[in-house]
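**Student:**
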Amino acid sequence: MTDTLLSARNLAFELYEVLDAQSLIQRERFAEHNRETFDAAVDTARSIAEELFAPHNRKGDEQEPQYVDGAAQIIPEIKPALEAFHQAGFLNATRDFEHGGMQLPNLLSQACFAHFQSANIATSSYSMLTMGVANLIENFGNDEQKRLFLQPIIDGRFFGTMALTEPHAGSSLSDIRSKAEPAADGSYRIKGNKIFISGGDQPISENIVHMVLAKLPDAPPGVKGISLFIVPKFLVNDDGSVGARNDALLAGLFHKMGWRGTTSTALNFGDNGNCVGYLVGKPHHGLNYMFQMMNEARIGVGMGATMLGYAGYLYSLEYAHQRPQGRQPDGKDPTSPQVAIIEHTDVKRMLLMQKAYVEGAFDLGLYAARLFDDTETLDTAEERQNALELLDLLTPIVKSWPSEFCLKANEMAIQILGGHGYTREYPVEQYYRENRLNQIHEGTHGIQSLDLLGRKVAMNNGAALKQLLKLIHQCCARATAFESLNALRQPLEQLLARLSSTTLALLGDLMSGKVNQGLANSALYLKVFGHMVIGWRWLEQAIRAEQGLASGNPADAEFYQGKLQAARYFLTWEVPGCQHELNLLEARDDTCLTMQGEWF
Numbered sequence: 002m003t004d005t006l007l008s009a010r011n012l013a014f015e016l017y018e019v020l021d022a023q024s025l026i027q028r029e030r031f032a033e034h035n036r037e038t039f040d041a042a043v044d045t046a047r048s049i050a051e052e053l054f055a056p057h058n059r060k061g062d063e064q065e066p067q068y069v070d071g072a073a074q075i076i077p078e079i080k081p082a083l084e085a086f087h088q089a090g091f092l093n094a095t096r097d098f099e100h101g102g103m104q105l106p107n108l109l110s111q112a113c114f115a116h117f118q119s120a121n122i123a124t125s126s127y128s129m130l131t132m133g134v135a136n137l138i139e140n141f142g143n144d145e146q147k148r149l150f151l152q153p154i155i156d157g158r159f160f161g162t163m164a165l166t167e168p169h170a171g172s173s174l175s176d177i178r179s180k181a182e183p184a185a186d187g188s189y190r191i192k193g194n195k196i197f198i199s200g201g202d203q204p205i206s207e208n209i210v211h212m213v214l215a216k217l218p219d220a221p222p223g224v225k226g227i228s229l230f231i232v233p234k235f236l237v238n239d240d241g242s243v244g245a246r247n248d249a250l251l252a253g254l255f256h257k258m259g260w261r262g263t264t265s266t267a268l269n270f271g272d273n274g275n276c277v278g279y280l281v282g283k284p285h286h287g288l289n290y291m292f293q294m295m296n297e298a299r300i301g302v303g304m305g306a307t308m309l310g311y312a313g314y315l316y317s318l319e320y321a322h323q324r325p326q327g328r329q330p331d332g333k334d335p336t337s338p339q340v341a342i343i344e345h346t347d348v349k350r351m352l353l354m355q356k357a358y359v360e361g362a363f364d365l366g367l368y369a370a371r372l373f374d375d376t377e378t379l380d381t382a383e384e385r386q387n388a389l390e391l392l393d394l395l396t397p398i399v400k401s402w403p404s405e406f407c408l409k410a411n412e413m414a415i416q417i418l419g420g421h422g423y424t425r426e427y428p429v430e431q432y433y434r435e436n437r438l439n440q441i442h443e444g445t446h447g448i449q450s451l452d453l454l455g456r457k458v459a460m461n462n463g464a465a466l467k468q469l470l471k472l473i474h475q476c477c478a479r480a481t482a483f484e485s486l487n488a489l490r491q492p493l494e495q496l497l498a499r500l501s502s503t504t505l506a507l508l509g510d511l512m513s514g515k516v517n518q519g520l521a522n523s524a525l526y527l528k529v530f531g532h533m534v535i536g537w538r539w540l541e542q543a544i545r546a547e548q549g550l551a552s553g554n555p556a557d558a559e560f561y562q563g564k565l566q567a568a569r570y571f572l573t574w575e576v577p578g579c580q581h582e583l584n585l586l587e588a589r590d591d592t593c594l595t596m597q598g599e600w601f
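In terms of my numbering, the sequence shown opens at residue 2 and continues consecutively.
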């Protein structure tokens, strides 16, 4: 059967040939697992995604949630899909056995969840947010909060959300106005408005646990004055049962161009003066805590963007094989049979572009998941810290690069279908609309680029950047063992050298106080940095493909040749194109910086 969600062969290649998932079994935490249990989890995910998530993807897009009598109404197919997801163990895939989990590596959990994101990004988002809330409460909540709110999430009774954005502030969290007043019983009374809260209301779960950012009366200004609160939709009684409705009300729904099956809500907290919230951790430390969920969500958004690109790629690939149209340029006989469009060179170009973008991004997303496993299970504290720093550095790339370039893959999928691609009778236009939202989810490209250049590359005296550059140098050195990879390796080495020097120069600007100048073209910097990272991941895949060809398994020869051709495309077509952005960065081009608002 044709793969519709993601290539099973490519997933096996990533897990067992590139990222060496089986080596994780040697670590104590994962000792109960083996390749058979890993593969069983993947097979179960694929089956549930195909049978319960994919069938209502179109319906959820066409029949958006409705605001009726103060509540959100959604299509009925969403609830059984999410119940099956939970019953199969995927909500708690990485949690300890004794706490109802599967104790899977994060790498395998991400590989499983990718099927749900490809099948139905809107329905899967309810689970992604809920998993993030569970991890947040587990790490920073007190015992009572874990009993009343975490355990019901683990049991599948409660879902969760993150409530950050406010109408007047947008992405500028330092300007939020939501307030939290202490109450006599130790709880707080929350008052404020939040918008664009995904999953903020739904009839699926018994309760919704909102993680809300707000400020205490004595809060210092800016982000250092933000605290984090648990605000349930329904209050929870001491025995764990659901009680009265909290003063956290649905004000309305937003209707976006994509992810239409996910409720996007405006929430009012404390309209009646009695919205109960519970402080998580220390006062004024809320944003630090929330960054855990935000970073998880950023990686989740990046993988979601990847899988939407992947779904479009697979559909357009199948279409190109089946659609006859036209003849080769040298075919002069109009009576000769038409060829499938996959035989046309420009269609191959568009398919290669898609393959290079989505399989490169997929590799990076899974690499990040494996890094997360390293942060928790490597032998020494130093090794775990190194993995954490590298993951922190790569997170803006994992989020933003797929959101930019897997969207371009969706554009190519539409184009391959010709006129049909622009109609709602085919799914590729929906994939595009869904993916367009990922450029705004969890921070724009510009915000991620400021984080990368303004903070991440310099943190801890550039320790993470030095790690990354060392890994890329080592990959290039290993590639020299294959003469066929010289033409692929050299553009990456050239980009690496020039970006390294450019980075030092830009950091010099920042350290000397030229902050606006140094960060003016940070978006270009992120694009080049991302291409360097994806180029590295493609060179790693190319090395494994060469090794696979050398093993002599003829059944896999075409798969490995396809990998090498996609690596060749990215490293010889895409990577050299970054020299233009580097020219602008090195020259400190100030075209955008010096533009005046009155000149538009």
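Beta carbons are placed, not taken as given, at the ideal position from N, Cα and C, and that holds for glycine.
Model, not experiment: these values are computed from the prediction.
Go ahead and label T266 buried or exposed: buried means 16 or more other beta carbons lie within 10 angstroms of its beta carbon, across all protein chains shown.
**Tutor:** Taking the sequence shown and counting its residues from 1, one reaches residue 266 at position 265. Looking at its Cβ environment, which holds 16 or more other Cβ atoms inside 10 Å, T266 is buried.
**Student:** Pull up the CB-CB distance for V69 and Q542, whole angstroms please, since I reckon it's below 8 Å.
**Tutor:** The sequence position of residue 69 within the sequence shown is 68, counting from 1. The sequence position of residue 542 within the sequence shown is 541, counting from 1. V69 to Q542, Cβ: 49 Å. No contact.
**Student:** Take N208 and list the residues in its own chain whose beta-carbon comes closer than 6 Å to its own, dropping the five residues that flank it on each side.
**Tutor:** For the purposes of this step, residue 208 is identified with residue 207 of the sequence shown, where counting begins at 1. Same-chain partners within the cutoff: F159, P233, K234, F235, V243.
**Student:** Can you tell me where the alpha helix (DSSP H) holding A546 begins and where it ends?
**Tutor:** The sequence position of residue 546 within the sequence shown is 545, counting from 1. Per DSSP, A546 belongs to the alpha helix (DSSP H) from 523–551.
**Student:** What do you get for Y290, buried or exposed, if any count of 16 or more other CB atoms within 10 angstroms of its CB means buried?
**Tutor:** For this step, residue 290 is matched to residue 289 along the sequence shown. Buried, by the Cβ-count rule.
**Student:** Consult DSSP for K283 and reduce its assignment to one of helix, strand or coil.
**Tutor:** For the purposes of this step, residue 283 is taken as residue 282 along the sequence shown, with counting starting at 1. In this structure, K283 counts as coil in the three-state DSSP scheme.
**Student:** Assign Q88 to one of three DSSP states: helix, strand, or coil.
**Tutor:** The count along the sequence shown starts at 1 and reaches residue 88 at position 87. Q88: helix per DSSP, three-state reduction.
**Student:** Can you name, in chain order, every residue of its own chain whose Cβ lies under 7 Å from the Cβ of L137, other than the five neighbours on each side?
**Tutor:** To locate residue 137, count along the sequence shown from 1; it is residue 136. So the list reads M212, Y290, Q293, M294, once near-sequence residues are dropped.
**Student:** Pop quiz: I191 and F230 are said to be a contact at Cβ under 8 Å. What is the actual Cβ separation, rounded to whole angstroms?
**Tutor:** Working through the sequence shown from its first residue, we reach residue 191 at position 190. Working through the sequence shown from its first residue, we reach residue 230 at position 229. At roughly 6 Å, the Cβ-Cβ gap stays under 8 Å, so I191 and F230 are in contact.
**Student:** Roughly how far, in whole angstroms, is the beta-carbon of G303 from the beta-carbon of P403, given that I think they are within contact range, below 8 Å?
**Tutor:** Locating residue 303 in the sequence shown gives position 302, where the first residue counts as 1. Locating residue 403 in the sequence shown gives position 402, where the first residue counts as 1. The pair is a contact, with the Cβ atoms about 5 Å apart (cut-off 8 Å).
**Student:** I need the boundaries of the alpha helix (DSSP H) containing H116, first residue and last residue.
**Tutor:** Locating residue 116 in the sequence shown gives position 115, counting from the first residue. That run of the alpha helix (DSSP H) goes 107–120.
**Student:** Would the beta-carbon of A298 fall within 9 Å of that of Y358?
**Tutor:** The residue labelled residue 298 in the question sits at position 297 within the sequence shown. The residue labelled residue 358 in the question sits at position 357 within the sequence shown. Cβ atoms of A298 and Y358: not closer than 9 Å.
**Student:** In whole angstroms, what is the alpha-carbon distance linking H169 and N522?
**Tutor:** Your numbering for residue 169 matches position 168 in the sequence shown. Your numbering for residue 522 matches position 521 in the sequence shown. Rounded to whole angstroms, H169 to N522 spans 26 Å at the Cα level.
**Student:** Using alpha carbons as the reference points, say which of A181, A115, S126, L520 lies closest to S228.
**Tutor:** One-based indexing of the sequence shown puts residue 228 at position 227. With distances taken between Cα atoms, S228 lies closest to A181.
**Student:** In chain order, what residues of the same chain lie with their CB nearer than 8 Å to the CB of L83, ignoring the 5 residues before and after it?
**Tutor:** To locate residue 83, count along the sequence shown from 1; it is residue 82. Contacts found: T124, Y127, S128, I205.
**Student:** Can you tell me which of the three DSSP states N143 falls into?
**Tutor:** Counting from one through the sequence shown, the residue named residue 143 turns up at place 142. Of the three classes helix, strand and coil, the one that applies to N143 here is coil, per DSSP.
**Student:** Can you pull the DSSP bridge partners for R246?
**Tutor:** Start at 1 with the first residue of the sequence shown, and residue 246 comes out as number 245. DSSP output for R246 lists F235 as bridge partner(s).
**Student:** So, P268 versus A73, is the Cβ gap smaller than 9 Å?
**Tutor:** Locating residue 268 in the sequence shown gives position 267, where the first residue counts as 1. Locating residue 73 in the sequence shown gives position 72, where the first residue counts as 1. Here the sequence assigns Leu to residue 268, which means Pro is not the residue at that position. Result no, Cβ atoms of L268 and A73 do not sit closer than 9 Å.
**Student:** Report, in whole angstroms, the separation of the C-beta atoms of L130 and M163, which I expect to be a contact under 8 Å.
**Tutor:** Within the sequence shown, numbered from 1, the residue matching residue 130 stands at position 129. Within the sequence shown, numbered from 1, the residue matching residue 163 stands at position 162. About 7 Å; that satisfies the 8 Å criterion.
**Student:** Less than 9 Å between the C-beta atoms of L53 and E78, yes or no?
**Tutor:** As a position in the sequence shown, residue 53 is number 52, starting the count at 1. As a position in the sequence shown, residue 78 is number 77, starting the count at 1. Contact: yes.
**Student:** Report the rounded CA-to-CA distance for H581 versus C276, giving the unit in angstroms.
**Tutor:** On the sequence shown, position 580 is the one that residue 581 refers to. On the sequence shown, position 275 is the one that residue 276 refers to. Using only the alpha carbons, I get a separation of about 54 Å.
**Student:** Is P325 helix, strand or coil by DSSP?
**Tutor:** To locate residue 325, count along the sequence shown from 1; it is residue 324. Of the three classes helix, strand and coil, the one that applies to P325 here is strand, per DSSP.
**Student:** How big is the Cα-Cα spacing for I398 and E587?
**Tutor:** Start at 1 with the first residue of the sequence shown, and residue 398 comes out as number 397. Start at 1 with the first residue of the sequence shown, and residue 587 comes out as number 586. Approximately 21 Å between the Cα atoms of the pair.
**Student:** Does the separation of the CB atoms of I75 and P81 fall below 9 Å?
**Tutor:** Numbered from its first residue, the sequence shown carries residue 75 at position 74. Numbered from its first residue, the sequence shown carries residue 81 at position 80. In this structure, P81 does not lie closer than 9 Å to I75 by Cβ.
**Student:** Name the two residues that bound the continuous beta strand (DSSP E) containing R178.
**Tutor:** One-based indexing of the sequence shown puts residue 178 at position 177. Where R178 is concerned, there is no enclosing beta strand (DSSP E), given that its DSSP letter is neither H nor E.
**Student:** Among all the DSSP beta bridges, which residues are the ones paired with H211?
**Tutor:** In the sequence shown, counting from the first residue as 1, residue 211 sits at position 210. According to DSSP, which records beta bridges pairwise, H211 is partnered with T162, V232.
**Student:** Hey, quick one: how far does the beta strand (DSSP E) through G193 stretch, first residue to last?
**Tutor:** If you number the sequence shown from 1, residue 193 lands on position 192. G193 -> beta strand (DSSP E) spans 189–199.
**Student:** Of the residues Q329, G361, E99, I122, which one's Cα is nearest the Cα of N346?
**Tutor:** Start at 1 with the first residue of the sequence shown, and residue 346 comes out as number 345. In the sequence under discussion, the amino acid at residue 346 is Thr, which differs from the Asn named in the question. Checking every option, the nearest Cα to that of T346 belongs to Q329.
**Student:** Less than 6 Å between C-beta atoms, sequence neighbours within five positions excluded: which residues of the same chain meet that for S179?
**Tutor:** Stepping through the sequence shown from its first residue, residue 179 is reached at position 178. So the list reads G193, A215, once near-sequence residues are dropped.
**Student:** Answer yes if the segment 544–563 comes into contact with the segment 377–392, meaning at least three C-beta pairs across the two stretches below 8 Å, and no otherwise.
**Tutor:** Touching, no, given that fewer than three Cβ pairs across the two stretches are closer than 8 Å.
**Student:** Rounded to whole angstroms, what's the CA-CA distance from A50 to S110? Just pull it up for me.
**Tutor:** One-based indexing of the sequence shown puts residue 50 at position 49. One-based indexing of the sequence shown puts residue 110 at position 109. Straight-line Cα distance between these residues: approximately 14 Å.
**Student:** What does DSSP give as the partner residues of Q74 in its beta bridges?
**Tutor:** To locate residue 74, count along the sequence shown from 1; it is residue 73. Q74 is bridged to Q67.
**Student:** For L470 versus L525, is the C-beta spacing smaller than 9 Å?
**Tutor:** Here residue 470 refers to the residue found at position 469 of the sequence shown. Here residue 525 refers to the residue found at position 524 of the sequence shown. Their beta carbons are not under 9 Å apart, which means L470 does not touch L525 by this criterion.
**Student:** Can you give me the C-alpha to C-alpha distance between V534 and L315, rounded to a whole angstrom?
**Tutor:** Taking the sequence shown and counting its residues from 1, the one referred to as residue 534 is at position 533. Taking the sequence shown and counting its residues from 1, the one referred to as residue 315 is at position 314. Roughly 24 Å separates the two Cα atoms.
**Student:** What does a CB cutoff of less than 8 Å around Q64 pick up in its chain, not counting 5 residues either side in sequence?
**Tutor:** As a working mapping, residue 64 is identified with position 63 in the sequence shown. So the list reads I76, once near-sequence residues are dropped.
**Student:** Buried or exposed for W600, going by 16 or more other Cβ atoms inside 10 Å?
**Tutor:** As a first step, residue 600 is located in the sequence shown; it is residue number 599 there, counting from the start. Exposed, since its Cβ has fewer than 16 Cβ neighbours within 10 Å.
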